[in-house]
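Heads up, the thing below is written out as structure tokens.
Number of protein chains: 2
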Amino acid sequence: MTLDIGAPKNIESFYKFTDDITNPELFESWKPKIQAYREALDKHLLPEYRVSDVPTDLDSKIFNTVEYIKNSPALSEKEKEITESTAKTLVDKIAKSEYSAVEVLKAFAHRAVIVHQFTNFAMDIFIEEGIKRAEELDEYLAKTGKTVGPLHGLPISLKEQIGYAGRITNGGWVAWLDNIPKEDATTVKTLRKLGAVFYVRTNQPQTLMHMDTNNNITGRTRNPHNSLLTAGGSSGGEGASVGGKASPIGVGTDIGGSIRGPAAFSGTYGLRPTSRRISCLGGVSSGKGQESVVAVAGPLANSVEDIDLFMRSYINEGKPWDDDPSCIPVIWRDVPKPSPKDITVAIMFDDGLVKPHPPITRGLKFVESKLKEAGVNVVKFEPIDTKEALETVNQMFVCDGNHAQRVMLKPSGEPLLPLTKWALSLGDSDKEYTVTQNRELNYKRDVLRKKYLDFFNNNKVDFIISPTHVGCAPVCIEQGIAGPYYWGYTTLFNILDSPTLVFPSGLKQDPSIDVKDETYVPRSDVDKIEQDKYIPELFEGAPICFQLSGKRYTDEEVVAFGKVLEEIFKKD
Amino acid sequence: MTLDIGAPKNIESFYKFTDDITNPELFESWKPKIQAYREALDKHLLPEYRVSDVPTDLDSKIFNTVEYIKNSPALSEKEKEITESTAKTLVDKIAKSEYSAVEVLKAFAHRAVIVHQFTNFAMDIFIEEGIKRAEELDEYLAKTGKTVGPLHGLPISLKEQIGYAGRITNGGWVAWLDNIPKEDATTVKTLRKLGAVFYVRTNQPQTLMHMDTNNNITGRTRNPHNSLLTAGGSSGGEGASVGGKASPIGVGTDIGGSIRGPAAFSGTYGLRPTSRRISCLGGVSSGKGQESVVAVAGPLANSVEDIDLFMRSYINEGKPWDDDPSCIPVIWRDVPKPSPKDITVAIMFDDGLVKPHPPITRGLKFVESKLKEAGVNVVKFEPIDTKEALETVNQMFVCDGNHAQRVMLKPSGEPLLPLTKWALSLGDSDKEYTVTQNRELNYKRDVLRKKYLDFFNNNKVDFIISPTHVGCAPVCIEQGIAGPYYWGYTTLFNILDSPTLVFPSGLKQDPSIDVKDETYVPRSDVDKIEQDKYIPELFEGAPICFQLSGKRYTDEEVVAFGKVLEEIFKKD
Numbered sequence: 001m002t003l004d005i006g007a008p009k010n011i012e013s014f015y016k017f018t019d020d021i022t023n024p025e026l027f028e029s030w031k032p033k034i035q036a037y038r039e040a041l042d043k044h045l046l047p048e049y050r051v052s053d054v055p056t057d058l059d060s061k062i063f064n065t066v067e068y069i070k071n072s073p074a075l076s077e078k079e080k081e082i083t084e085s086t087a088k089t090l091v092d093k094i095a096k097s098e099y100s101a102v103e104v105l106k107a108f109a110h111r112a113v114i115v116h117q118f119t120n121f122a123m124d125i126f127i128e129e130g131i132k133r134a135e136e137l138d139e140y141l142a143k144t145g146k147t148v149g150p151l152h153g154l155p156i157s158l159k160e161q162i163g164y165a166g167r168i169t170n171g172g173w174v175a176w177l178d179n180i181p182k183e184d185a186t187t188v189k190t191l192r193k194l195g196a197v198f199y200v201r202t203n204q205p206q207t208l209m210h211m212d213t214n215n216n217i218t219g220r221t222r223n224p225h226n227s228l229l230t231a232g233g234s235s236g237g238e239g240a241s242v243g244g245k246a247s248p249i250g251v252g253t254d255i256g257g258s259i260r261g262p263a264a265f266s267g268t269y270g271l272r273p274t275s276r277r278i279s280c281l282g283g284v285s286s287g288k289g290q291e292s293v294v295a296v297a298g299p300l301a302n303s304v305e306d307i308d309l310f311m312r313s314y315i316n317e318g319k320p321w322d323d324d325p326s327c328i329p330v331i332w333r334d335v336p337k338p339s340p341k342d343i344t345v346a347i348m349f350d351d352g353l354v355k356p357h358p359p360i361t362r363g364l365k366f367v368e369s370k371l372k373e374a375g376v377n378v379v380k381f382e383p384i385d386t387k388e389a390l391e392t393v394n395q396m397f398v399c400d401g402n403h404a405q406r407v408m409l410k411p412s413g414e415p416l417l418p419l420t421k422w423a424l425s426l427g428d429s430d431k432e433y434t435v436t437q438n439r440e441l442n443y444k445r446d447v448l449r450k451k452y453l454d455f456f457n458n459n460k461v462d463f464i465i466s467p468t469h470v471g472c473a474p475v476c477i478e479q480g481i482a483g484p485y486y487w488g489y490t491t492l493f494n495i496l497d498s499p500t501l502v503f504p505s506g507l508k509q510d511p512s513i514d515v516k517d518e519t520y521v522p523r524s525d526v527d528k529i530e531q532d533k534y535i536p537e538l539f540e541g542a543p544i545c546f547q548l549s550g551k552r553y554t555d556e557e558v559v560a561f562g563k564v565l566e567e568i569f570k571k572d
Numbered sequence: 001m002t003l004d005i006g007a008p009k010n011i012e013s014f015y016k017f018t019d020d021i022t023n024p025e026l027f028e029s030w031k032p033k034i035q036a037y038r039e040a041l042d043k044h045l046l047p048e049y050r051v052s053d054v055p056t057d058l059d060s061k062i063f064n065t066v067e068y069i070k071n072s073p074a075l076s077e078k079e080k081e082i083t084e085s086t087a088k089t090l091v092d093k094i095a096k097s098e099y100s101a102v103e104v105l106k107a108f109a110h111r112a113v114i115v116h117q118f119t120n121f122a123m124d125i126f127i128e129e130g131i132k133r134a135e136e137l138d139e140y141l142a143k144t145g146k147t148v149g150p151l152h153g154l155p156i157s158l159k160e161q162i163g164y165a166g167r168i169t170n171g172g173w174v175a176w177l178d179n180i181p182k183e184d185a186t187t188v189k190t191l192r193k194l195g196a197v198f199y200v201r202t203n204q205p206q207t208l209m210h211m212d213t214n215n216n217i218t219g220r221t222r223n224p225h226n227s228l229l230t231a232g233g234s235s236g237g238e239g240a241s242v243g244g245k246a247s248p249i250g251v252g253t254d255i256g257g258s259i260r261g262p263a264a265f266s267g268t269y270g271l272r273p274t275s276r277r278i279s280c281l282g283g284v285s286s287g288k289g290q291e292s293v294v295a296v297a298g299p300l301a302n303s304v305e306d307i308d309l310f311m312r313s314y315i316n317e318g319k320p321w322d323d324d325p326s327c328i329p330v331i332w333r334d335v336p337k338p339s340p341k342d343i344t345v346a347i348m349f350d351d352g353l354v355k356p357h358p359p360i361t362r363g364l365k366f367v368e369s370k371l372k373e374a375g376v377n378v379v380k381f382e383p384i385d386t387k388e389a390l391e392t393v394n395q396m397f398v399c400d401g402n403h404a405q406r407v408m409l410k411p412s413g414e415p416l417l418p419l420t421k422w423a424l425s426l427g428d429s430d431k432e433y434t435v436t437q438n439r440e441l442n443y444k445r446d447v448l449r450k451k452y453l454d455f456f457n458n459n460k461v462d463f464i465i466s467p468t469h470v471g472c473a474p475v476c477i478e479q480g481i482a483g484p485y486y487w488g489y490t491t492l493f494n495i496l497d498s499p500t501l502v503f504p505s506g507l508k509q510d511p512s513i514d515v516k517d518e519t520y521v522p523r524s525d526v527d528k529i530e531q532d533k534y535i536p537e538l539f540e541g542a543p544i545c546f547q548l549s550g551k552r553y554t555d556e557e558v559v560a561f562g563k564v565l566e567e568i569f570k571k572d
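Next comes the structure, spelled out in structure tokens:
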């Protein structure tokens, strides 16, 4: 096994932005704040929850946190039982007083501390506050015989960028270490009202625009299945948390794949809902007033039923539109699990731009044959305008000439991580568009959405299944950035605003089967970068997951068919 | 009575745009097309439907078309009965074969021809096509015993800008006289599917951005209550049509007041729904890709029940999101008519920027006392950030530096009408904003929406009632432009995206009561323009109407309370 996998050799030729951001002297003045932040995080990792056998070579040797916990005596049998339960089981048992909210919270908090020791997934942890809240809920239930809501006692992890009253909310930008919101974000308020218990907020990359999770505040998050691999991004902390069962449900956000990459890389379910169903109000981001391609928030979980529980409770009982005027009051409809025979799925094997790695292609063939076996009508999907979709969405990301990112980055002078340089170089990079140019992008998007809607309707296709990424989670260790660069498989569904569920196929990468095709000639420089990084033996054990996408606003149908997929493709 | 009411004396000092648009020589080449278009319109006004006593001084002497028709023998008693029925009555009677679709269509077509002779409200009329369609519907019903949908046989007028397959769709721009869509707009498809019958498409102003209706193709539309007054704009043809009962329901669009101004000026009901509920896909406009303040489509009608019928049928059975991916699948909810005692209304007497004319203030006091009498809890509304809202929305209208309007106007070189010059001079006029500046506007909008939502919630206010315009329909004859210039009362609810229903108070302007306050000192130049134009004797008979606004997406609650208002304020 070699770890000689540095950045792509020609990577600097891709960089197009002007670095008037980094300022080492200025950054020096922020270091005490970073240090204090890290110390606070460390202090909150309760010593009694920690394990003492964390290897020192996590970044040079494959380590599987999920397997470690399975075999470790650090968690009691009861703690394992609790943390391996679905959210649905947990809320049912808490409501019946079979579990107390406190024991559930403590079990997840204990597991979270251990998972963190191996993956560095947490950015902010506050177990004492969680226990206090769980105690109150237990008391309320004991006194009234009632739960406060459908998520009574359920521990939920939150991506750190989501504003939390009284706690630093930095979004991965050093300069935001001073930001302490007075008020909770709408999503925090809503979940709290429904009975959720908070105890951990999770890691994210600098700029929130990497398909990896690394920043200058608390550093890199490792994949819970293989410590060399990325947990994805930008909701990578959530992926590692839910994948490592440090939380039963996590809330991430997604503007280019940021829920789906992490869910796929850590082998969990993750839903990128249609926009404006889950509130993004009250978070830290560079996206104020940007509505060409809007960020969405959504759940990661270990079962589709839990995704459904989250969406249904949050929307129908949480009514976020009462607090956030940008949320639409589209009720979560009851859609029964369909019969496979009534469903037509189009499979996209390749977007025509960057060829998927061998495990992905193997996985898709497996999915195709299992679906056919189950009676699903499977048709091939010839990508529609994927090149234009990619170019348009990449331009949208930076069409303010990176102005908003500069506003977030410059006040700290923090050094730019390699994937930040990549993200700032998308589209036309520093070139600020005019309003007219921006509207032209929006119009291209609207035409694309109509084409895809017509495709669904004219071909009576219910869903598209596609790769979440060109490969499984790639290696992404600190000084050897080997990816992920290409986001086209996920961004397609951002520009379309399609509800998209990531589901595990149950398969994992296997170096002995998923051998590299040495004869393949890359179609482009970006394709070459992505192909070069496929070194089969490094990806060992990486989950193989896919995306299920439906028409805009058919989130309920996507989730209902996701339950069918869950039955067909057992996750573990 | 004096007609010496030219343009405001200092009007040219407001013009800020560069006129690189008009090109008399080029325009000369378009004149034959305009002539052909007018001739085609004239040809379709069936001679047997016309009256012969149209005065020649409609533009210099008050003429009341509504009264004329009431007293004229031109329409048979049956035709009057039909055209004075609500849409609900019509569809019920057609479904029971008490009326045939053909006789209903013919009655409205007959009335439309007469109303057109006095008001010039139609831009495109095609009675033969309407009769043919009505015949098919009658045959279908006779054969199957079933209607094709909830609007079976209902004549509906359409604002001309809405794309109609096979018919010129110009949107008021001369250069678009060559545009013949191959496909119907989503709204046309949807209504057709529900059983609507089309026969007339209605007039609109050059640029679609006047609160008046006048263009270089078919000219100016007169108010059906007073021929000197404007029918409003941009859906002024619809206002005159529905106000004159040339159609029972009309479809307009509204980005700054374009449904509400016309509805109020012609004394009808009109709903500006929350955005994305009624499709705008497939129309001609300058708004492609512009989403800072989005245009909406919505109905005008002579009863609130008809507004409800339209919205419910269009949304719940029409499902426009199946064809237009930008439409949101928010079902039209059943909201019962509330008890007045359960409702709190905040009344905005004045936005603090431009003072309403005497009839509006009198009307609001009347509304206040009648509501209190009915048991409604009435509170005073202190305008929240109306100045910022106005400045922001005006900047949004032109922040592409008028680029999109130039693209629409320049190819014909057509002369710019005075209110076009006004519209192109809003905000920063020709200055094209950057993406960052546009996002700042969007963010200001989002902050405003949150403030207003908090106002509703924190004060337990259900609705806001406000003036639709600074006054009743002002004089707007061709060479004597005396308004309307100020749109702040309507644009406030565009930037908030609040569902807003215009309702008649039942009152009309009365020169003997609504005397001018000669002591008032205008607050600004725009206020002065608006006050100067109030010459009481010219407004005689103008309806006094108001706006009822609710929280975003509470269209159903607004319409349900609208039914209460309809009972309190008898329209005729």
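Line by line, the protein sequences are chains A and B.
Be aware that the first sequence starts at 1, since it is given in full-length UniProt numbering, and climbs by one per residue.
Be aware that the second sequence starts at 1, since it is given in full-length UniProt numbering, and climbs by one per residue.
Even glycine gets a Cβ: it sits at the ideal position worked out from N, Cα and C.
Check, Outcome
"Pull up the CB-CB distance for F121 of chain A and A231 of chain A, whole angstroms please, since I reckon it's below 8 Å.", "7 Å"
"Kindly indicate if chain B contains any beta-carbon less than 8 Å away from that of G298 of chain A.", "no"
"Are the Cβ atoms of K16 of chain B and R111 of chain B separated by less than 8 Å?", "no"
"Am I right that L194 of chain A and L151 of chain A are in contact with their C-beta atoms under 8 Å? What's the rounded C-beta distance?", "4 Å"
"Looking only at C-alpha atoms, which of A:Q547, A:R552, A:Y534, A:A542 sits nearest to P8 of chain A?", "A:Y534"
"Buried or exposed: which applies to N457 of chain B, given that a residue is buried once 16 or more other Cβ atoms fall within 10 Å of its Cβ?", "exposed"
"What residue range does the beta strand (DSSP E) around N10 of chain A cover?", "Neither: N10 of chain A is in no beta strand (DSSP E) and is coded neither H nor E."
"Is DSSP giving A112 of chain A helix, strand or coil here?", "helix"
"Is Y269 of chain B closer than 8 Å to N226 of chain B when the C-beta atoms are compared?", "no"
"Can you tell me whether P150 of chain B sits near the ligand PLP, meaning its C-beta is under 7 Å from at least one heavy atom of the ligand?", "Among the ligands in the structure shown, none appear at all, so the ligand PLP cannot be discussed."
"If you run the structure through DSSP and keep just helix, strand and coil, what is S369 of chain B?", "helix"
"Give the interface partners of D446 of chain A over in chain B, defined as CB-CB distance under 9 Å, in chain order.", "L281, K288, G289, P325, S326"
"Count the CB pairs spanning the segment 335-345 of chain B and the segment 161-176 of chain B that are closer than 8 Å, and state whether there are at least three.", "no"
"Identify every residue that forms a DSSP beta bridge with R272 of chain A.", "A:T500"
"Can you tell me whether DSSP reads R201 of chain A as helix, strand or coil?", "strand"
"Taking the straight line between their C-alpha atoms, what separation do you get for K93 of chain B and D138 of chain B?", "12 Å"
"Would you call N459 of chain A buried or exposed, if buried means 16 or more other Cβ atoms sit within 10 Å of its Cβ?", "exposed"
"Can you give me the start and stop residues for the alpha helix (DSSP H) that M396 of chain B sits inside?", "386-398"
"Rounded to whole angstroms, what's the CA-CA distance from G163 of chain A to I568 of chain B? Just pull it up for me.", "46 Å"
"How big is the Cα-Cα spacing for A36 of chain A and I217 of chain A?", "10 Å"
"Would you mind telling me which residues of chain A sit closer than 8 Å to P329 of chain B, beta carbon to beta carbon, in chain order?", "V330, Y553"
"Per DSSP, what are the beta-bridge partners of K159 of chain B in this structure?", "B:T202"
"Whose Cβ in chain A lies nearer than 8 Å to the Cβ of Y443 of chain B?", "K288, G289"
"Would you verify that the beta carbon of N438 of chain A is, or is not, closer than 8 Å to some beta carbon of chain B?", "yes"
"Starting from the C-beta of L419 of chain A, find all residues in its chain whose C-beta is less than 6 Å away, skip the five residues before and the five after it, and write them out in chain order.", "H210, D212"
"Does G166 of chain B pass the burial test, meaning 16 or more other C-beta atoms within 10 Å, or should it be called exposed?", "exposed"
"Between B:V407, B:T361, B:Y443, which has its C-alpha nearest T392 of chain B's C-alpha?", "B:Y443"
"Please compile the residues from chain A whose C-beta is within a distance smaller than 8 Å of the C-beta of T491 of chain B.", "What T491 of chain B touches in chain A: nothing, since even the nearest Cβ is about 17 Å away."
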